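Q: Residue 202 in the UniProt record's numbering is what sits at position 202 of the sequence shown, and the numbering runs on without skipping anything.
Beta carbons: idealized from backbone N, C-alpha and C, even for Gly.
Quantities reported herein were computed from a predicted structural model and do not represent experimental measurements.
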Amino acid sequence: MVSGFLRNGKFDEGFAYFKQMRKSGICWFDQATLTTILSACDRVKFYHVVKMMHGLVFSNGYEKEISVGNSLITSYFRCGCLSSGRQVFDEMFERNVITWTAMISILVQNELYEESLELFNQMRSGPVCPNSLTYLSSLMACSGLQALTGGRQIHSLLWKLGIQSEVCIESSLMDMYSKCGQVNDAWKIFESAQDLDEVLMTVILMGLAQNGFKEEAKRFFMKLFESGIEIDPNMLSAVLGVFSEDTSLSLGKQIHSLSIKRNFGFNSYVNNGLINMYSKCGDLEESAKVFSRMSQRNSISWNSMIAAFARHGDGCRALQLYEEMRSDGIAPTDITFLSLLHACSHVGLVEKGMELLKSMTDVYGIIPRAEHYACVVDMLGRAGLLNEAKTFIEGLPVKADMLVWQALLGACSIRGDPEIGKYAANQLILETPESPVPYVSMANIYSSRGKWKERARTIKRMKEIGVSKEIGISWIEIEKEVHSFVVQDRMHPQAELMYGILEELLELMLEEGYVPGNVTPTECQT
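What follows is the structure, encoded as structure tokens:
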């Protein structure tokens with residue numbers, strides 16, 4: 001009876017019957033009853049039920065039953081109490097492969113990758129042998145840590161066991177190698193796979209995209225499409241991730257049309273990808289249309305649209321959307337705050353930006369990363385508050401890294417401040433001695449101040465240590481053709497006409513009072 005109620009989703013009725021059964025003393029329960037009830041406890045609200053069942057386990061002598069211990073571990077995790085589940089694991093008299101695999105998998109799902117690999121190694125040194133699911137979880141841990149050496153060791157073990165060709169193992173190996181930047185190794189596994197399915201194709205597509213092989217990813221997707229392979233939402237989402245400022249918008253629109261034809265319009269992953277694609281390709285209006293048509297939005301949807309407005313300099317709309325997101329009951333993430341700080345930086349809302357940074361930790365318990373601190377430094381610098389930016393860095397709870405020093409140096413370049421700029425450049429050189437950025441930035445700062453001797457010394461020093469400047473390239477698409485340019489490029493057939501128009505535009509901007517590098521604080525309507 002208890003099992004019947006629970007199988008049909010009637011937990012309250014089933015549990016009430018169980019309590020009545022115990023109270024009457026007519027029928028005693030066994031370990032099967034315990035595991036059945038525990039398996040139904042899959043949400044936080046059932047935590048107290050799990051605690052009660054845990055007590056019954058001990059009071060009725062079932063603490064040595066492995067199946068009961070396994071159910072307790074899983075139920076505690078599903079109820080959001082990892083520590084209690086780990087305690088059950090540590091106190092078990094005996095563990096089988098299900099016990100070990102469950103605990104390793106739980107640690108991975110909670111992003112405790114190092115701890116999960118430690119447990120995996122502990123398991124291998126004991127009498128219980130890992131199974132395919134154990135290896136899968138361990139590969140996921142290596143992916144999360146980008147632990148290439150550990151991943152290769154597990155690959156070697158799988159090869160010795162002869163199970164490296166299982167489809168789920170192959171996809172996990174490909175994902176691990178891709179996350180570790182070894183796309184060639186992932187591609188070798190893909191080519192040697194006996195049964196190519198949508199999962200493997202999606203994994204290699206994402207691997208190409210994540211590692212910057214944008215053209216290869218697009219060609220691979222087109223090859224899949226032209227060969228008649230069934231395109232699924234995950235594939236579309238993966239290929240949309242490769243679009244950026246230098247990508248043809250027309251191809252993105254074709255993929256959008258394909259998503260409509262395949263009835264993927266309600267898939268949040270595809271829609272999130274479309275929002276990002278249109279935004280990065282410069283069509284903010286179309287991004288907003290995709291967002292507005294979504295019937296269900298997750299945190300990624302909101303983050304994507306907030307980032308789109310921030311990317312296009314509409315800080316007020318980004319902040320307004322943040323308030324709508326909170327009203328909709330969606331909790332902000334670290335990505336949300338990164339986009340909001342970026343938005344505040346570009347519209348000069350310093351006080352609002354500092355308020356958001358404080359609310360990250362005080363309200364939402366999110367620990368800022370280097371990217372957040374770099375955004376704040378950029379925000380202060382753009383507002384001309386370079387001394388405040390320097391003081392902010394000196395007061396950080398962690399050691400400032402390359403991103404933070406680059407932000408300060410970039411702000412000094414905009415403001416032409418050689419003093420703080422030199423301080424930031426020296427710190428950046430310590431972090432990245434082979435980077436041309438600190439030298440080029442200081443040379444530009446000296447040029448803006450007419451300090452030609454200092455500029456010459458900086459360039460000379462840069463050449464002496466063998467650092468070369470990377471050439472920056474800009475792209476624009478006109479009538480389905482992408483045009484690329486480098487600094488002072490005169491190779492384009494219409495170069496003279498374009499430079500003439502640019503000079504006219506600059507004159508008009510200067511007449512309107514525009515001063516290069518200035519950010520005027522924006523007043524957002526509430």
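Grab me the residues of isoleucine 300's own chain with a C-beta within less than 6 Å of its C-beta, minus the 5 sequence neighbours each way, in chain order.
A: For the purposes of this step, residue 300 is taken as residue 300 along the sequence shown, with counting starting at 1. Asn272.
Q: Can we say the segment 355 to 370 touches the segment 383 to 392, given the rule of at least three CB pairs closer than 8 Å?
A: The answer is no - the segment 383 to 392 does not touch the segment 355 to 370, with fewer than three Cβ pairs under 8 Å.
Q: Which same chain residues, not among the five before or five after leucine 321, have their C-beta less than 8 Å away from its C-beta?
A: On the sequence shown, position 321 is the one that residue 321 refers to. Same-chain partners within the cutoff: Trp302, Met305, Ile306 and Phe309.
Q: Short of 6 Å in beta carbon distance, which residues of its chain neighbour glutamate 512, apart from the five on each side in sequence? Order them along the chain.
A: By 1-based counting over the sequence shown, the position of residue 512 is 512. Hits under 6 Å: none found.
Q: Determine the DSSP secondary structure at methionine 103, reduced to helix, strand or coil.
A: Looking up residue 103 in the sequence shown gives position 103. Correct three-state label for methionine 103: helix.
Q: Quick one: residues in its chain with C-beta nearer than 8 Å to the C-beta of phenylalanine 225, no 5 flanking neighbours on either side, listed in chain order?
A: One-based indexing of the sequence shown puts residue 225 at position 225. Excluding positions up to five away in sequence, the list reads Ile231 and Leu258.
Q: Taking the alpha-carbon of serine 71 as reference, which of Phe291, Lys45 and Cys41 has the nearest alpha-carbon?
A: Taking the sequence shown and counting its residues from 1, one reaches residue 71 at position 71. Residue Cys41 is the option with its Cα nearest to serine 71.
Q: Can you tell me the Cα-Cα spacing of valine 50 and tyrosine 62, whole angstroms?
A: As a working mapping, residue 50 is identified with position 50 in the sequence shown. As a working mapping, residue 62 is identified with position 62 in the sequence shown. Cα-Cα distance, rounded: 15 Å.
Q: Going by other Cβ atoms of all chains shown within 10 Å of its Cβ, with 16 needed for buried, is leucine 510 buried or exposed?
A: Stepping through the sequence shown from its first residue, residue 510 is reached at position 510. Classification for leucine 510: exposed.
Q: Where leucine 274 and leucine 505 are concerned, what is the direct C-alpha to C-alpha distance, given to the nearest angstrom?
A: Position 274 of the sequence shown, counted from the start, is the residue given in the question as residue 274. Position 505 of the sequence shown, counted from the start, is the residue given in the question as residue 505. Leucine 274 and leucine 505: Cα-Cα distance of roughly 33 Å.
Q: Need the endpoints of the alpha helix (DSSP H) that arginine 293 sits in, please.
A: Position 293 of the sequence shown, counted from the first residue, corresponds to residue 293. It spans 284 to 293 - the alpha helix (DSSP H) in which arginine 293 sits, taken as one unbroken run.
Q: Need the endpoints of the alpha helix (DSSP H) that valine 44 sits in, please.
A: Taking the first residue of the sequence shown as 1, we reach residue 44 at position 44. Careful: valine 44 lies outside any alpha helix (DSSP H) and carries neither H nor E.
Q: Go ahead and pull the three-state DSSP assignment for lysine 463.
A: As a position in the sequence shown, residue 463 is number 463, starting the count at 1. Looking at lysine 463 - three-state DSSP - the assignment turns out to be helix.
Q: To the nearest angstrom, how far is the alpha carbon of threonine 35 from that of serine 67?
A: Along the sequence shown, read from residue 1 onward, the residue named residue 35 stands at position 35. Along the sequence shown, read from residue 1 onward, the residue named residue 67 stands at position 67. Whole-angstrom Cα-Cα distance: 7 Å.
Q: If contacts are defined as beta-carbon pairs under 8 Å, then valine 467 and proline 436 qualify, I think. What distance do you get, rounded to the angstrom?
A: Here the question's residue 467 lines up with position 467 in the sequence shown. Here the question's residue 436 lines up with position 436 in the sequence shown. Yes, valine 467 and proline 436 are in contact; Cβ-Cβ is about 5 Å, under 8 Å.
Q: Looking only at its own chain, which residues have a Cβ that is under 6 Å from the Cβ of glycine 85, when we skip the five neighbours before and after it?
A: Within the sequence shown, numbered from 1, the residue matching residue 85 stands at position 85. These residues qualify, in order along the chain: Ile73, Tyr76 and Phe77.
Q: With burial defined as no fewer than 16 other Cβ atoms inside 10 Å of the residue's Cβ, what is the status of serine 339: buried or exposed?
A: Translated into positions along the sequence shown, residue 339 becomes position 339. The residue in question, serine 339, is buried, as its Cβ has 16 or more Cβ neighbours within 10 Å.
Q: Quick one: grab the DSSP three-state call for threonine 432.
A: One-based indexing of the sequence shown puts residue 432 at position 432. DSSP places threonine 432 in coil when its eight states are reduced to three.
Q: Cβ of glutamate 191 versus every heavy atom of the ligand MG: is any distance shorter than 7 Å?
A: With respect to the ligand MG, the structure offers nothing, as it holds no ligand at all.
Q: Assuming the contact rule is C-beta atoms closer than 8 Å, serine 345 and cysteine 375 should be a hit. Round their C-beta distance to whole Å, please.
A: Walking along the sequence shown from the start, residue 345 turns up at place 345. Walking along the sequence shown from the start, residue 375 turns up at place 375. About 6 Å separates the two Cβ atoms, so the contact holds.
Q: Would glutamate 286 be called buried (16 or more neighbouring beta carbons within 10 Å of its own) or exposed?
A: Along the sequence shown, read from residue 1 onward, the residue named residue 286 stands at position 286. It counts as buried.
Q: Is serine 192 closer than 8 Å to cysteine 168 when the C-beta atoms are compared?
A: The sequence position of residue 168 within the sequence shown is 168, counting from 1. The sequence position of residue 192 within the sequence shown is 192, counting from 1. The answer is no: Cβ separation not under 8 Å.
Q: Does the beta-carbon distance from alanine 425 to proline 433 come in below 8 Å?
A: Mapped onto the sequence shown, residue 425 falls at position 425. Mapped onto the sequence shown, residue 433 falls at position 433. Not closer than 8 Å, so no.
Q: Using 10 angstroms around the beta-carbon of histidine 492, count the other beta-carbons present and answer buried if the total reaches 16, otherwise exposed.
A: To locate residue 492, count along the sequence shown from 1; it is residue 492. So histidine 492 counts as exposed.
Q: At which residues does the alpha helix (DSSP H) containing alanine 307 begin and terminate?
A: For the purposes of this step, residue 307 is taken as the residue at position 307 of the sequence shown. Per DSSP, alanine 307 belongs to the alpha helix (DSSP H) from 299 to 311.
Q: For proline 418, does the three-state DSSP call read helix, strand or coil?
A: For the purposes of this step, residue 418 is identified with residue 418 of the sequence shown, where counting begins at 1. Looking at proline 418 - three-state DSSP - the assignment turns out to be helix.
Q: Indicate whether lysine 188 and serine 143 have their beta-carbon atoms separated by less than 8 Å.
A: Reading the sequence shown from its first residue, position 188 is the one you call residue 188. Reading the sequence shown from its first residue, position 143 is the one you call residue 143. No, these two residues do not count as a Cβ contact at 8 Å.
Q: Determine the direct distance from the alpha carbon of arginine 455 to that of methionine 201, and round the result to whole angstroms.
A: In the sequence shown, counting from the first residue as 1, residue 201 sits at position 201. In the sequence shown, counting from the first residue as 1, residue 455 sits at position 455. C-alpha separation (whole angstroms): 51 Å.
Q: Return helix, strand or coil for glycine 365, following the three-state DSSP convention.
A: Sequence index remark: in the sequence shown, residue 365 carries index 365 (1-based). Correct three-state label for glycine 365: coil.
Q: Can the beta-carbon of valine 88 be found closer than 8 Å to that of valine 128?
A: Walking along the sequence shown from the start, residue 88 turns up at place 88. Walking along the sequence shown from the start, residue 128 turns up at place 128. Their beta carbons are not under 8 Å apart, which means valine 88 does not touch valine 128 by this criterion.
Q: In whole angstroms, what is the alpha-carbon distance linking cysteine 79 and isoleucine 465?
A: Along the sequence shown, read from residue 1 onward, the residue named residue 79 stands at position 79. Along the sequence shown, read from residue 1 onward, the residue named residue 465 stands at position 465. One C-alpha to the other measures close to 58 Å.
Q: Would you report the Cα separation of glutamate 111 and glycine 241, rounded to the nearest angstrom?
A: In the sequence shown, counting from the first residue as 1, residue 111 sits at position 111. In the sequence shown, counting from the first residue as 1, residue 241 sits at position 241. Those two C-alpha atoms are separated by around 23 Å.
Q: Could you tell me the distance, in whole angstroms, from the CA atom of leucine 403 to the CA atom of leucine 430?
A: For this step, residue 403 is matched to residue 403 along the sequence shown. For this step, residue 430 is matched to residue 430 along the sequence shown. Each residue's alpha carbon lies about 13 Å from the other.
Q: If you drop the 5 nearest sequence neighbours on each side, which residues of the same chain put their C-beta closer than 7 Å to that of alanine 238?
A: As a position in the sequence shown, residue 238 is number 238, starting the count at 1. So the list reads Thr202, Leu205, Met206 and Ala209, once near-sequence residues are dropped.
Q: Would you kindly work out how many angstroms separate the C-alpha atoms of histidine 256 and arginine 457, rounded to a whole number?
A: As a position in the sequence shown, residue 256 is number 256, starting the count at 1. As a position in the sequence shown, residue 457 is number 457, starting the count at 1. Those two C-alpha atoms are separated by around 52 Å.
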